[in-house]
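Protein chains in written order, with our numbering: chain A, 1273 to 1680; chain B, 2 to 49; chain C, 120 to 219.
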Amino acid sequence: MTLVAAERPTPLRLVDQFQLGLDAPICLTWELTYACNLACVHCLSSSGRRDPNELSTAECKRLIDEFERMQIFYVNIGGGEPTIRSDFWELVDYATAHHVGVKFSTNGSRITPEVAQRLASSDYVDVQISLDGATPEVNDAVRGAGSFDTAVRAMERMAAAGFVGFKLSVVITRQNVSQLDAFQALADRYRAQLRLTRLRPSGRGADVWDELHPTAEQQRTLYEWLLAHGEQVLTGDSFFHLAGYGESLPGLNLCGAGRVVCLVDPVGDVYACPFAIHDEFLAGNVRSPGGFDRVWKSSALFCDLRRPETGGACASCGSYDACRGGCMAAKFFTGLPLDGPDPECVLGHGEPRLAAVGDTIPPRPSPDHSRRPRGPAAPVAVALLPRRPNRAGDEHPLAAAGAAHHPH
Amino acid sequence: MPDPVIEHRDPSPATADPAMDESRAEPTLVEADLLVEDVSIDGMCGVY
Amino acid sequence: MPPTVPTGTTDFDPSLPWALHPQVSLRPESFGALAYHFGTRRLSFLKSPTLLAVVSSLATQPTGRDACTAAGVAADELPTYERALATLAESGMICERSAS
């Protein structure tokens, strides 16, 4: 028969193909600096202080050259707060000039009107503004006093500059699940696209996980809301563990760590995923011979992650095919075995496993660049700010946003 | 008896898919979706 | 809501000349290829090396159908491959080529 006959077998499903890994990531997260002007209580990268060993501008450009050679389609630049690096714009421009798309995550503090104009006129740069509450009270309890105002100001400037479709990115917590509609309204107001992602017990998130992760009931609420809002809300596939409820959410519904995506950190360390900054998930360093390319293709960790999964303790569960056993990082940092259920398994299989962990201290995220040294592994109380007495009793987020406007 | 198939791609993982039985693949009934699948670039977990 | 971007044609005509959209990055893979459109930010998964060969040769072939046959697509597979090209046209990955 002809060559074509050999292709008549059904091609692999996309998700099955991706589980086996690719010769290059499709995209990746690049944390540019551990420096940050904020100190969010749940920071996945435990950021705050710059690491003295950060990649230099030249090293960053060499890395971008590698990304180009490997045809990585885009990078999501984060940190810390990436715009704090003095060479931030130089690197963004270098990336886009070298066929690597850029999306960057920011708390908005450096989004001036001029910056917003510059972004609006670029086709190859996308922006993601972080916000974790639709009101200052809820947001600032996690991200710090004034951070809501900063983010909204940035969104106003983006909208004024005509940048339609930038992302408003929210980490879902116990305290903001009730604000889903309000987040959508905020995004609509500034012509942004809403993005919701999952809180993990990663970085400083480990300290506030017990208090901030959604309850089982709230997970269900979130799931129903996501189903109802379908394609217009992005999730970065970070809720694929909710597929255990039945219907899958839009997305690949797989863990991409080490298979189609990964993290490069400010000192060039390559981790499977930004939620897994720990030696256990460290694949190598871009400064080593062979650079990022060799780490991606040949590191022991990534080769291991690309072996077909067998499900382990989840193999006999009817939902395993949908949920794939959930999030590796969520399991690791709650002390659960990686071949068992997710701590937030929607069928409740995580509960007895967590109980078995008991008071044993789970692995500690490392490194830690927090400005305030983290204490022993005890939960940190996250108190909502008291209602400001001079504010009208209206908690509607648009009223709060209006009050935050600073004419200039 | 189906003609022998020259396997030109990497061996399948352990989870064999019965749909890969070549004798059942009718090209004219194969959906175009089989050859092209669209994915959202935001739709894979592990990136901000 | 994200901006509305023209997503290409829904009337794919294989007897016309076609080409990969200039904003698309086509990355060969063992299973076929990945195609990423920098304008629409859509990612397409081409699940056949033959389809990759077809798409890669579009710009130098007189018609879409010619690109298929030149890549070794058998006559009874043409509808499948032309439907695949139609899918790519609909998402803006390939576009009609003006006569050169």
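Note that beta-carbon positions come from the ideal geometry of N, C-alpha and C, so glycine has one too.
Alpha carbon to alpha carbon, how far is residue 1534 of chain A from residue 1619 of chain A?
Counting from one through the first sequence, the residue named residue 1534 of chain A turns up at place 262. Counting from one through the first sequence, the residue named residue 1619 of chain A turns up at place 347. Residue 1534 of chain A and residue 1619 of chain A: Cα-Cα distance of roughly 29 Å.
Compute the distance between the beta-carbons of residue 1394 of chain A and residue 1441 of chain A, then report whether it is under 8 Å.
For the purposes of this step, residue 1394 of chain A is identified with residue 122 of the first sequence, where counting begins at 1. For the purposes of this step, residue 1441 of chain A is identified with residue 169 of the first sequence, where counting begins at 1. No.
Starting from the C-beta of residue 1517 of chain A, find all residues in its chain whose C-beta is less than 8 Å away, skip the five residues before and the five after it, and write them out in chain order.
Within the first sequence, the letter at position 245 stands for residue 1517 of chain A. Sequence-distant Cβ neighbours of residue 1517 of chain A in its own chain, meaning closer than 8 Å and more than five residues away, are 1492, 1495 and 1618.
What does DSSP give as the partner residue(s) for residue 138 of chain C in the beta ladder?
Residue mapping note: residue 138 of chain C aligns to position 19 of the third sequence, counting from 1. Per the DSSP secondary-structure output, residue 138 of chain C pairs in a beta bridge with C/214.
When the Cα atoms are used, what is the spatial distance from residue 1632 of chain A to residue 1476 of chain A?
In the first sequence, residue 1632 of chain A corresponds to position 360, counting from 1. In the first sequence, residue 1476 of chain A corresponds to position 204, counting from 1. When rounded, the distance between both Cα atoms is 18 Å.
Residue 1641 of chain A to residue 191 of chain C, Cα distance in whole Å?
Here residue 1641 of chain A refers to the residue found at position 369 when the first sequence is read from its first residue. Here residue 191 of chain C refers to the residue found at position 72 when the third sequence is read from its first residue. Cα to Cα, residue 1641 of chain A sits roughly 57 Å from residue 191 of chain C.
Taking Cβ-Cβ distances shorter than 8 Å, what residues in chain A pair up with residue 144 of chain C?
Reading the third sequence from its first residue, position 25 is the one you call residue 144 of chain C. Those are 1343, 1345 and 1371, listed as they occur along chain A.
Run through DSSP, which three-state label would residue 166 of chain C get?
The residue you call residue 166 of chain C lines up with position 47 of the third sequence. Of the three classes helix, strand and coil, the one that applies to residue 166 of chain C here is coil, per DSSP.
Beta-carbon spacing of residue 1301 of chain A, residue 49 of chain B below 8 Å
Here the question's residue 1301 of chain A lines up with position 29 in the first sequence. Here the question's residue 49 of chain B lines up with position 48 in the second sequence. Contact flag set, yes.
For residue 1426 of chain A and residue 1383 of chain A, I'd like the C-alpha separation in whole angstroms.
On the first sequence, position 154 is the one that residue 1426 of chain A refers to. On the first sequence, position 111 is the one that residue 1383 of chain A refers to. Those two C-alpha atoms are separated by around 5 Å.
Which runs of the beta strand (DSSP E) fall wholly inside the segment 1309-1387 of chain A and span at least 3 residues, in chain order?
Restricted to the segment 1309-1387 of chain A, the beta strand (DSSP E) segments that are unbroken, complete and at least 3 residues in length are 1346-1351 and 1373-1378, listed in chain order.
Within 8 Å (strictly less), CB to CB, does residue 1 of chain B reach chain C?
For chain B, the structure presents residues 2 to 49; residue 1 of chain B sits outside this window and is missing.
So, with DSSP's three-state summary, where would you put residue 144 of chain C?
The count along the third sequence starts at 1 and reaches residue 144 of chain C at position 25. Judged by DSSP in its simplified three-state form, residue 144 of chain C adopts strand.
Residue 1356 of chain A to residue 1504 of chain A, Cα distance in whole Å?
By 1-based counting over the first sequence, the position of residue 1356 of chain A is 84. By 1-based counting over the first sequence, the position of residue 1504 of chain A is 232. Straight through space, the alpha carbons of residue 1504 of chain A and residue 1356 of chain A are spaced by roughly 31 Å.
Residue burial classification, residue 159 of chain C (beta-carbon count within 10 angstroms, cutoff 16):
Your numbering for residue 159 of chain C matches position 40 in the third sequence. By the neighbour-count rule (16 or more Cβ atoms within 10 Å), residue 159 of chain C is buried.
Along chain A, which residues have their Cβ under 8 Å away from the Cβ of residue 40 of chain B?
Start at 1 with the first residue of the second sequence, and residue 40 of chain B comes out as number 39. Neighbours of residue 40 of chain B on chain A, chain order: 1286 and 1524.
Am I right that residue 135 of chain C and residue 152 of chain C are in contact with their C-beta atoms under 8 Å? What's the rounded C-beta distance?
Mapped onto the third sequence, residue 135 of chain C falls at position 16. Mapped onto the third sequence, residue 152 of chain C falls at position 33. Actually they are not in contact, since the Cβ atoms of residue 135 of chain C and residue 152 of chain C sit about 22 Å apart, beyond 8 Å.
Are the C-beta atoms of residue 157 of chain C and some chain B residue less than 8 Å apart?
Taking the third sequence and counting its residues from 1, the one referred to as residue 157 of chain C is at position 38. Residue 157 of chain C has a beta carbon lying at 8 Å or more from every beta carbon in chain B.
Measure from the C-beta of residue 148 of chain C to each C-beta in chain A and report whether the shortest distance is under 8 Å.
For the purposes of this step, residue 148 of chain C is identified with residue 29 of the third sequence, where counting begins at 1. Yes - at least one Cβ of chain A is within 8 Å of the one on residue 148 of chain C.
Taking the alpha-carbon of residue 1326 of chain A as reference, which of A/1539, A/1568, A/1575 and A/1635 has the nearest alpha-carbon?
What you label residue 1326 of chain A is simply residue 54 of the first sequence in a count that begins at 1. Across the set A/1539, A/1568, A/1575 and A/1635, the C-alpha of A/1539 shows the shortest separation from the C-alpha of residue 1326 of chain A.
Output yes or no for whether 8 Å exceeds the beta carbon distance between residue 1430 of chain A and residue 1462 of chain A.
On the first sequence, position 158 is the one that residue 1430 of chain A refers to. On the first sequence, position 190 is the one that residue 1462 of chain A refers to. In contact: residue 1430 of chain A and residue 1462 of chain A (Cβ atoms closer than 8 Å).
So with CB distances below 8 Å, who are the chain B contacts of residue 1529 of chain A?
On the first sequence, residue 1529 of chain A is found 257 positions in, with the first residue counted as 1. Those within 8 Å of residue 1529 of chain A in chain B are 46 and 47.
Going along chain B in order, which residues have a C-beta closer than 8 Å to the C-beta of residue 1298 of chain A?
Looking up residue 1298 of chain A in the first sequence gives position 26. Taking a Cβ-Cβ threshold of 8 Å, the residues of chain B close to residue 1298 of chain A are 42 and 45, in chain order.
Distance check for residue 1287 of chain A and residue 1296 of chain A, CA to CA, integer angstroms please.
Here residue 1296 of chain A refers to the residue found at position 24 when the first sequence is read from its first residue. Here residue 1287 of chain A refers to the residue found at position 15 when the first sequence is read from its first residue. Distance between the alpha carbons of residue 1296 of chain A and residue 1287 of chain A is about 16 Å.
Do residue 224 of chain C and residue 184 of chain C have their C-beta atoms within less than 8 Å of each other?
In the structure displayed, chain C extends from 120 to 219; residue 224 of chain C sits before or after that span and is not available.
Throw me the rounded Cβ distance for the residue 1387 of chain A and residue 1347 of chain A pair, which I believe falls under 8 Å.
If you number the first sequence from 1, residue 1387 of chain A lands on position 115. If you number the first sequence from 1, residue 1347 of chain A lands on position 75. With a Cβ gap of about 19 Å, residue 1387 of chain A and residue 1347 of chain A do not count as contacting.
Would you report the Cα separation of residue 1316 of chain A and residue 181 of chain C, rounded to the nearest angstrom?
Here residue 1316 of chain A is taken as the residue at index 44 of the first sequence, counted from 1. Here residue 181 of chain C is taken as the residue at index 62 of the third sequence, counted from 1. A straight-line Cα-Cα distance of about 53 Å links residue 1316 of chain A and residue 181 of chain C.
Within 10 Å of its beta-carbon, does residue 1551 of chain A have 16 or more other beta-carbons around it, so buried, or fewer, so exposed?
Walking along the first sequence from the start, residue 1551 of chain A turns up at place 279. Answer is exposed; the Cβ neighbour count stays below 16.
Would you mind stating whether residue 1290 of chain A and residue 1526 of chain A have Cβ atoms separated by less than 8 Å?
As a working note, residue 1290 of chain A is residue 18 in the first sequence. As a working note, residue 1526 of chain A is residue 254 in the first sequence. Result yes, Cβ atoms of residue 1290 of chain A and residue 1526 of chain A sit closer than 8 Å.
Just reading off the alpha helix (DSSP H) that residue 183 of chain C is part of, what are its end residues?
As a position in the third sequence, residue 183 of chain C is number 64, starting the count at 1. Note, residue 183 of chain C: alpha helix (DSSP H), 183-189.
Helix, strand or coil for residue 180 of chain C, going by three-state DSSP, please let me know.
Position 61 of the third sequence, counting from 1, holds the residue named residue 180 of chain C. When DSSP states are grouped into helix, strand and coil, residue 180 of chain C belongs to the coil group.
For chain A, is any of its Cβ atoms less than 8 Å away from the one on residue 153 of chain C?
The count along the third sequence starts at 1 and reaches residue 153 of chain C at position 34. Output row for residue 153 of chain C: interface = yes.
Along the segment 1390-1410 of chain A, where does the CB come closer than 7 Å to a CB of chain C? Name the residues.
Taken in chain order, the members of the segment 1390-1410 of chain A whose beta-carbon sits within less than 7 Å of a beta-carbon on chain C are 1395 and 1396.
Would the beta-carbon of residue 1466 of chain A fall within 8 Å of that of residue 45 of chain B?
The sequence position of residue 1466 of chain A within the first sequence is 194, counting from 1. The sequence position of residue 45 of chain B within the second sequence is 44, counting from 1. Taking 8 Å as the Cβ cut-off, residue 1466 of chain A and residue 45 of chain B do not qualify as a contacting pair.
Name the chain B residues whose beta carbon is nearer than 9 Å to that of residue 1533 of chain A?
Walking along the first sequence from the start, residue 1533 of chain A turns up at place 261. Neighbours of residue 1533 of chain A on chain B, chain order: 45, 46, 47 and 48.
Can you list, in chain order, the residues of its chain with a C-beta nearer than 6 Å to that of residue 1363 of chain A? Leave out the 5 residues immediately preceding and following it.
Here residue 1363 of chain A corresponds to residue number 91 of the first sequence, with the count starting at 1. If we look at residue 1363 of chain A and ignore the five residues flanking it on each side, its Cβ neighbours are 1332.
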